[in-house]
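Each position in the sequence shown, counted from 1, maps to that position plus 306 in the numbering used here.
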Amino acid sequence: MVKLLSHRLNWLPATLMALGMTALPALAHDSAPAAPSTIPDAVLRQIGLTNANCNPGKAAFSDDGKRLALNVDCGESRLGRRVWIIDLSSSTATPATPPLGASDPNGETIVQDGTEVQWSGDTLYVATSMETRAARKGDPAYWQERYFSVRPGQAPKALRQQQIPGSVKAKFEHPFGRFPVEEVLPDTDNNVVADGIFRIGKHLVWISSDANDRVTLRTRVGKGAIRDLASGGWELSSLQYDSRRLIYPSRNGIIVFDLDAGQPTRITFTHADARPVAWQPSSHSLSYTATRGCDGKAQPGNRVLCLLVVP
Numbered sequence: 307m308v309k310l311l312s313h314r315l316n317w318l319p320a321t322l323m324a325l326g327m328t329a330l331p332a333l334a335h336d337s338a339p340a341a342p343s344t345i346p347d348a349v350l351r352q353i354g355l356t357n358a359n360c361n362p363g364k365a366a367f368s369d370d371g372k373r374l375a376l377n378v379d380c381g382e383s384r385l386g387r388r389v390w391i392i393d394l395s396s397s398t399a400t401p402a403t404p405p406l407g408a409s410d411p412n413g414e415t416i417v418q419d420g421t422e423v424q425w426s427g428d429t430l431y432v433a434t435s436m437e438t439r440a441a442r443k444g445d446p447a448y449w450q451e452r453y454f455s456v457r458p459g460q461a462p463k464a465l466r467q468q469q470i471p472g473s474v475k476a477k478f479e480h481p482f483g484r485f486p487v488e489e490v491l492p493d494t495d496n497n498v499v500a501d502g503i504f505r506i507g508k509h510l511v512w513i514s515s516d517a518n519d520r521v522t523l524r525t526r527v528g529k530g531a532i533r534d535l536a537s538g539g540w541e542l543s544s545l546q547y548d549s550r551r552l553i554y555p556s557r558n559g560i561i562v563f564d565l566d567a568g569q570p571t572r573i574t575f576t577h578a579d580a581r582p583v584a585w586q587p588s589s590h591s592l593s594y595t596a597t598r599g600c601d602g603k604a605q606p607g608n609r610v611l612c613l614l615v616v617p
């Protein structure tokens, strides 16, 4: 599993004169998809998402769209971390890994969460880390790279790295759109987050964070003007994307941004509390969390997990 550096890069001697060329964002059109569905609260309690200390991490729909693999990270709390498979037709959840222990305090990822999930047919592969007790008393715990596979209805199976199929291993090592920061650095933004850079077709997309933790989502074509798409906090790290679209939270709700058309579209019933979780381009299926109900009509309260088809 490739670890990407995620520290915010220090200011370099170059000035930010080119940022004066930043393009203004387009106004978002509204889109009204069919009403979303809601994952039952019993499932959310089972996987930990009703706990305020637990957050959804990396997720992926199965190839047939019938299941959702989801990493739930409860940080340093006793609940720890675990990857789950949610069967969307039966609204049930089964574990895809054993309990993985607390999050790695030495982790170097910000946008990525240290866990990758990858479907191959009806088999889910997980690359992650697992908290491991030291063999000798008094030595600190450490975090081992671990790999698992699981098929629905079966128990998770621990794998050695060499047991992972080559096609799956390639996707773990070279995820779509991501590449090492050393390959290209936006030369007009010295606050770029190193594991938050994506190349999508002719577009360079990246996340930037300044000394005050103001986070900005930006894009650029070649040496053209930088375009600021959204700004806020680390909720922007929930960005989803495919070969032509970005999906990200904003103060007005979830935005679907067509990179080639340069046009944002807002999902009408979402608000500032909504966070994208997983996206499947082939079926236009989107999973997201919200605290105002999946239809956006409830008073702010407990987090819900929602599913919808984007037009």
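Ideal Cβ placement from N, Cα and C applies to all residues, glycine included.
Burial of VAL474 is indicated by the presence of at least 16 other C-beta atoms within 10 angstroms of its C-beta. Sequence-distant Cβ neighbours of GLN467 in its own chain, meaning closer than 7 angstroms and more than five residues away, are TYR453. Minimum Cα-Cα distance from TYR594 among the listed residues PHE563, GLN605, VAL616 corresponds to VAL616. Taking C-beta atoms under 8 angstroms as the contact rule, PRO401 and PRO462 qualify, at a distance of about 6 angstroms.
Going by beta carbons, LYS508 and VAL487 fall outside the 7 angstroms limit.
Rounded to the nearest whole angstrom, the CA to CA distance from TYR431 to PRO492 is 33 angstroms. By the neighbour-count criterion, in which 16 or more other beta carbons inside 10 Å mark a residue as buried, PRO362 falls on the buried side.
Residue state for ARG550 is assigned as coil, using DSSP reduced to three classes. For the set LEU545, PHE482, GLY530, the Cα lying nearest the Cα of ALA536 is the one of LEU545. CA-to-CA, the gap between LEU611 and ILE353 works out to about 11 angstroms. Along the region 483 to 560, the beta strand (DSSP E) occurs as fully enclosed runs of 3 or more residues at 498 to 506, 509 to 515, 521 to 527, 533 to 538, 551 to 554, listed in sequence order. Judged by DSSP secondary structure, SER409 falls outside any beta strand (DSSP E); it is assigned neither H nor E. Looking only at LEU614, VAL499, ALA596, the smallest Cα-Cα distance to PRO606 is reached by ALA596. In this structure, the alpha-carbon of GLY386 lies about 17 angstroms from that of VAL349. In terms of Cβ geometry, GLY599 and ALA580 do not form a close pair [threshold 7 angstroms].
The straight-line gap separating the alpha-carbon atoms of ASP564 and SER556 is approximately 15 angstroms.
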